[in-house]
Amino acid sequence: MQDQGTVRVSLDEISLGATCRFDISDELGILLLGNGRPLTATVRDQILERGVSFLEVHPDDAKSLRGEMPKGGAPPVVSKKSVVDKSVKSRVVDRASEAYSPKLAAMMRSKVSSAINFVSVVGSQIDWASICELKSLRKIPTTLMALAEEDSALAIVTSGEAQSPDPLADRCVRMSVLAIGTAIELGMTENEVVQAGTSGLVHDFGLYRFPAKFRDPSSVMNADEVWQYRRHPTVTVDLMANMTVISDETRLIAHQVHERADGTGYPRGIRGTIIHPIAKLLSVVDAFLSLTGPGPGRLSFSQHDAMVFLLRQCGRGVFDSTVMRAFLNQLTLYPISSRVELDDGSIATVVRRHDSSYATPVIQTVGADAPPFPISDTERTIVNTVVQEGKEIRMTNEMMNAMVQADSSSLF
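Just so we're aligned: the sequence shown equals residues 5 to 416 in my numbering.
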């Protein structure tokens, strides 16, 4: 019911970026938009997620929200930050033609290892972590974003090299790094990039409340254990309910990471526009990490084969195509740090992407002193991917088809 003294404004009418002088709450008194906060696409989607399609607003705010000029007044105030391009992508250093830097790599390994160790410490005491520790945890994505700006490819490589006794902490940090890189590739603002990194970092924290078996990706689970495992997004949200430094938006995203665009995900089986854009991003990253890490009764799949499988799933509507394209552009069809065989029989390591094509990365021949070079600048072609014996296996077409026929969401 509309209150006296308020004006009803449809969310479809709202001009993105507009701000209000007064708080906006729903009929239960729950805050939807604080005064002075720009109404971004993300905020709008959050409001829609709650089933709200109209806002009851103060008359002074109605015209501002609709993008109209108030009578006798100045144009509505729009946050400069919401309309000026604040894309982090413009700050990324282009190092495509540079040789590998051991000094820079050592610095990045140190920061990634520190992040992993800190996540592990917080995870080990997840129900009684201090406010100070949680505030420090929240700073990690900003640090990782700075690494991506300095050398995005090297940040990806070093996050994959780091290992600790806590596989979940390893995965959380790698998830954050890849989420940040994908968000940057999508042209997101700094706040959105940090949000992607933060949500990726904490989205599996609920697993720290489970027995150790549930944090070991190679564990074989029975049907009851799979059911329990698929509860972990809800456990994560419950866990973070008392963490005041974790935003409502982060909790919403964390709850939706395992959802799928076609409705085949969990825990709620929601689909399409109901899923938060950053959750759609994280679902691709999470699936890639699940495939390229050890799984129940199997070794890791090769990164190239995992990418091919995800592209097939994207074609079936499982993943968002815009996100998938950005993820592919970031890692290339032959993902960074993977090895390939060239048509002359030589073996090379993929060290960077090449802007001209995701299928022709920058490579460095194994055992050669020559600097990295874009394969498109030569007459050589990639004829095969090379797996690390004892660590990786190829994903055959039969395996891919079997995974499609099965409930593949349980793998992620």
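Ideal Cβ placement from N, Cα and C applies to all residues, glycine included.
Need the endpoints of the alpha helix (DSSP H) that E345 sits in, please. Not the alpha helix (DSSP H): E345 falls in the beta strand (DSSP E), residues 343–346.
Whose C-alpha, out of E396, E194, V161, is nearest the C-alpha of V181? V161
Using three-state DSSP, classify E402 as helix, strand or coil. helix
With DSSP collapsed to three states, give me the class of E396. strand
For V224, collect the residues of the same chain with a Cβ closer than 7 Å to its Cβ; drop the 5 residues on either side in sequence, then sort them by chain order. P300, G301
In three-state DSSP terms, what is P80? In this prediction, P80 scores a pLDDT of 38, lower than 50, which makes its location untrustworthy; no coordinate-derived value is stated.
Limits of the unbroken beta strand (DSSP E) element including A363: 361–369
Check each candidate in P42, V11, F26 and name the one with the smallest Cα separation from F58. V11
Applying the criterion that 16 or more other CB atoms from any shown protein chain within 10 Å of the CB defines a buried residue, is R398 buried or exposed? exposed
Tell me, to the nearest whole angstrom, how far the beta carbon of A100 is from that of V391; I am working on the premise that it is less than 8 Å. Not confirmed; about 26 Å, so no contact.
Looking at C-alpha atoms only, which residue of M112, R142, M111 is the closest neighbour of V126? R142
Local Cβ density within 10 Å of V344, reported as buried at 16 or more and exposed below that: buried
From what residue to what residue does the beta strand (DSSP E) around T420 run? This structure cannot speak to residue 420, because the chain is shown only from 5 to 416.
Neighbourhood of H280 by C-beta, 7 Å cutoff - its chain only, sequence neighbours within 5 removed: D49, L256, I257, Q260
If you run the structure through DSSP and keep just helix, strand and coil, what is L303? coil
Would you give the residue range spanned by the beta strand (DSSP E) that V354 belongs to? 351–358
Rounded to whole angstroms, what's the CA-CA distance from K217 to L332? Just pull it up for me. 32 Å
Can you have a look at E402 and say buried or exposed, based on whether 16 or more other CB atoms are within 10 angstroms of its CB? exposed
Is the number of C-beta pairs between the segment 224–243 and the segment 183–192 that are closer than 8 Å three or more? no
Between E396 and T389, what straight-line distance do the alpha-carbon atoms span, to the nearest angstrom? 11 Å
Per the DSSP calculation, L59 is bridged to which residue(s)? V13
Can you give me the start and stop residues for the alpha helix (DSSP H) that H259 sits inside? 252–260
Quick one: what's got a C-beta closer than 7 Å to D220's C-beta in the same chain, skipping five residues either side? P171
Please determine if the segment 195–205 and the segment 286–294 are in contact, where contact requires at least 3 C-beta pairs separated by less than 8 Å. yes
Considering only the alpha carbon of each residue, which of I386, V354, G273 lies closest to P375? V354
Might you give, ordered along the chain, the residues of its own chain that have their beta carbon closer than 6 Å to the beta carbon of I250, omitting 5 neighbours on each side? M244
Could you compute how far the alpha carbon of A227 sits from the alpha carbon of Q129? 28 Å
With DSSP as the reference, please indicate the residues paired to S91 in a beta bridge. T193
For the alpha helix (DSSP H) holding Y233, just list the boundary residues, first then last. 227–233
Report yes if the CB atom of V116 is closer than 9 Å to the CB atom of A159, and no otherwise. yes
Which of the three DSSP states is assigned to F377 in this structure? strand
Spatial distance of T382 from Y362 (CA atoms): 16 Å
A133 by DSSP, collapsed to three states: which one? coil
I28 bridges to which residues according to DSSP? L37
In whole angstroms, what separates the C-alpha of D64 from that of R25? 8 Å
Alpha carbon to alpha carbon, what distance is there between E60 and D155? 47 Å
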